[in-house]
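Using the working numbering, the letters of the sequence shown correspond one by one to residues 167 to 267.
Quick reminder that beta carbons are idealized off the backbone N, C-alpha and C, glycines included.
Note that the structure is predicted; figures quoted are calculated from it, not measured.
The structure appears below as structure tokens.
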Amino acid sequence: MTLRACTVVIQDLNRTAHSLDVTAETLYEAIAQALAALRAHDWVGDIGKGLTTVTVKVRYPEVTHIVKIQDFENWLNNSCKSPAETVLKTRLRQMLGLHKK
167 MTLRACTVVI
177 QDLNRTAHSL
187 DVTAETLYEA
197 IAQALAALRA
207 HDWVGDIGKG
217 LTTVTVKVRY
227 PEVTHIVKIQ
237 DFENWLNNSC
247 KSPAETVLKT
257 RLRQMLGLHK
267 K
């Protein structure tokens, strides 16, 4: 897979939008990197779950994706369809400090 430069925007529960740049191979990897970084940052309030959205803007080719946190978490917690997906989900769970379910 190709690494892509992305800008990820997530709004915390205080309604403050946080934007950061990441380099990722997949949409969900970009989200996981952003969530891990923001959760560790003192300036960021709690990030909601459920219908809270994450906006990922890939720089080239320029594409914007909007994903609900609940859809990301559902994907992360569902069974894997391939060995590559197993490796990816394991890596993202570790990045987020989650135990395998």
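Check: Local Cβ density within 10 Å of residue 267, reported as buried at 16 or more and exposed below that; Outcome: Low local confidence applies: a pLDDT of 47 at residue 267 is under 50, so the model's placement there is unreliable, with the coordinate-based value given in what follows. Its Cβ having fewer than 16 others within 10 Å, residue 267 is exposed.
Check: Status (buried if at least 16 other CB within 10 Å, exposed otherwise) for residue 199; Outcome: buried
Check: 8 Å Cβ cutoff met for residue 253 and residue 221; Outcome: no
Check: Buried or exposed by the 16-neighbour rule on C-beta atoms within 10 Å, applied to residue 258; Outcome: buried
Check: Complete alpha helix (DSSP H) runs within the segment 170–225 (minimum length 4 residues, chain order); Outcome: 193–205
Check: DSSP three-state assignment for residue 267, whether helix, strand or coil; Outcome: Residue confidence is low: residue 267 scores 47 on pLDDT, short of 50, so the model does not pin down where it sits. Its coordinate-derived value is still stated next. DSSP places residue 267 in coil when its eight states are reduced to three.
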